[in-house]
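The structure under discussion appears below in the form of structure tokens.
There are 2 protein chains.
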Amino acid sequence: MDPGKHAAERSESELGQKINRLIAAMYPDERSRPGFAKLSQHIREATGTAISSTYLWELTTGRKQNVTRSTLTTLAKFFGVPPEYFLDDRVSARVDTQLELAVALRNRKVRSIALRADGLSEETLNSILAILNHAREIEKLDPLDEDNRQPSEPSA
Amino acid sequence: MDPGKHAAERSESELGQKINRLIAAMYPDERSRPGFAKLSQHIREATGTAISSTYLWELTTGRKQNVTRSTLTTLAKFFGVPPEYFLDDRVSARVDTQLELAVALRNRKVRSIALRADGLSEETLNSILAILNHAREIEKLDPLDEDNRQPSEPSA
DNA sequence: GCCGGCCATCCGCTGTAGCGGATAAGCCTG
DNA sequence: CAGGCTTATCCGCTACAGCGGATGGCCGGC
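Each protein sequence line maps, in turn, to chains A and B.
Following this note's numbering, the numbering of the first sequence begins with 1 at its first residue and continues without gaps.
Following this note's numbering, the numbering of the second sequence begins with 157 at its first residue and continues without gaps.
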């Protein structure tokens with residue numbers, strides 16, 4: 001059927017795009033990225049609530065987009081984004097810049113570290129950063145000089 | 157009917173409460189407060205999208221609560237609240253780990269740490285965790301024992 | 001070659017979000 | 001107190017969110 005021509009509203013199937021982006025962020029290796037079936041399983045295991053593979057496909061392709069509250073919450077819970085990510089474009093724009101971080105959070109230990117680092121004093125944080133930088137050097141990883149990076153306004 | 161059979165609804169209809177509160181806030185004079193029919197008209201006029209009086213009643217009485225994205229947006233638009241106002245009821249309690257993390261991510265240094273920790277070896281991560289735990293102890297923060305947490309299904 | 005698994009995609013079904021059209025019980029004012 | 005105007009509440013319907021179960025196309029292994 002003629003796709004894309006019935007767009008009376010500007011929003012289109014933007015929700016599908018967002019979900020696709022989140023999937024790509026969560027499974028960066030495109031080769032080993034799970035299909036909708038596996039993804040559905042992961043969601044059930046991680047959140048305790050299931051979303052069928054069929055429906056996931058329908059969402060990502062924009063075939064369905066008027067999701068209910070429960071589905072919305074489950075998706076947000078799984079991807080680790082605030083639920084309003086799917087509702088408010090400004091929020092999603094802000095979160096998108098942090099997708100890199102979301103990738104990091106895949107690792108459970110990294111999550112623990114982030115949680116534990118919160119609230120510590122500046123000095124301690126600096127020390128931890130120094131240690132991490134040193135460790136990255138030893139383990140031959142990218143220096144990852146994030147502090148130099150600008151928050152880059154994408155024209156708002 | 158006997159609604160006691162399904163004990164899953166411990167928080168009743170939190171969404172209905174919220175809508176009721178918003179109505180009361182928007183029309184402070186209880187005497188001149190419009191009924192659901194008038195309210196439905198106001199919503200249509202103000203937002204351009206309609207919500208039937210019947211459905212408004214069903215929402216405020218908690219009969220329906222799994223609203224879709226469009227209804228949610230319309231309500232938020234009309235009442236002038238961010239859409240997430242209707243989203244984080246009891247789920248916020250269940251996913252408070254996520255929330256804690258979101259809060260943590262406000263700190264730029266914590267972000268840097270999370271990014272830098274990604275990709276490091278298990279041993280290094282364990283060392284960092286040990287250091288962080290020690291630091292938390294010294295700075296008198298909560299132990300934050302996330303790893304002990306069970307996946308605990310709260311009666312699905 | 002064939003078998004088994006994973007994949008995207010489709011079809012058809014069920015449950016329920018959401019609505020329109022009753023109804024009866026409150027009100028006004030003449 | 002009749003008759004009109006609202007109100008909250010109910011019932012039954014339609015549309016669609018969401019799912020289960022096909023289907024056929026691609027892989028790798030025996």
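Note that the Cβ used here is the ideal one computed from N, Cα and C, for glycine as well.
Query	Result
Quick check on the DSSP output: the alpha helix (DSSP H) that includes G204 of chain B runs from which residue to which?	Here G204 of chain B belongs to no alpha helix (DSSP H), and DSSP marks it neither H nor E.
Taking the alpha carbon of K136 of chain B as the point to measure from, which residue in B:E240, B:I175 and B:F234 has its own alpha carbon closest?	Examination of residue 136 of chain B is not possible in this model, given that chain B is present from 157 through 312 alone.
Give the interface partners of T224 of chain B over in chain A, defined as CB-CB distance under 8 Å, in chain order.	N66, V67, T68 and R69
Comparing C-alpha positions only, which one of B:S226, B:G191, B:W213 and B:S277 sits nearest to T205 of chain B?	B:S226
Just how far apart, CA to CA, sit Y183 of chain B and N222 of chain B?	25 Å
Indicate the three-state DSSP secondary structure (helix, strand or coil) for T217 of chain B in the structure shown.	coil
With the cut-off set at 8 Å, would you say E137 of chain A and S277 of chain B are in Cβ contact?	no
In angstroms with no decimal places, state the Cα-to-Cα distance between E201 of chain B and K194 of chain B.	11 Å
Report the residue from B:L212, B:I207 and B:I287 whose alpha carbon sits nearest the alpha carbon of L171 of chain B.	B:L212
Within 10 angstroms of the Cβ of S40 of chain A, are there 16 or more other Cβ atoms? Answer buried if so, exposed if not.	buried
Quick check: is the beta carbon of T203 of chain B nearer than 8 Å to any beta carbon in chain A?	no
Is it right to say G80 of chain A is buried, meaning 16 or more other beta carbons lie within 10 angstroms of its own, or is it exposed?	buried
Counting only beta-carbon separations shorter than 8 Å, does I113 of chain A have a partner in chain B?	yes
N289 of chain B lies in the alpha helix (DSSP H); which residues open and close that run?	E278 to I294
Please go through the same chain and pick out, in chain order, the residues whose beta-carbon is closer than 7 Å to the beta-carbon of P239 of chain B, but skip the five residues on each side of it.	L228, T229 and A232
Taking the alpha-carbon positions, what's the L215 of chain B to L87 of chain A distance?	20 Å
For the alpha helix (DSSP H) holding L22 of chain A, just list the boundary residues, first then last.	E14 to M26
Hey, is A193 of chain B's beta-carbon within less than 8 Å of any beta-carbon in chain A?	no
Counting only beta-carbon atoms, is P28 of chain A nearer than 8 Å to chain B?	no
Taking 8 Å as the CB-CB limit, is I131 of chain A close to chain B?	yes
Closer than 8 Å by beta-carbon distance: list the chain A residues that pair up with I284 of chain B, in chain order.	I113, I128, I131, L132 and A135
Just to confirm before moving on: does the CB-CB distance between I128 of chain A and L288 of chain B stay below 8 Å?	yes
What separation, rounded to the nearest whole angstrom, lies between the Cα atoms of A25 of chain A and N282 of chain B?	25 Å
How would you list, in chain order, the residues of chain A whose beta-carbon sits under 7 Å from the beta-carbon of T229 of chain B?	L87
Assign T280 of chain B to buried or exposed, taking buried as 16 or more other Cβ atoms, counted over all protein chains shown, within 10 Å of its Cβ.	buried
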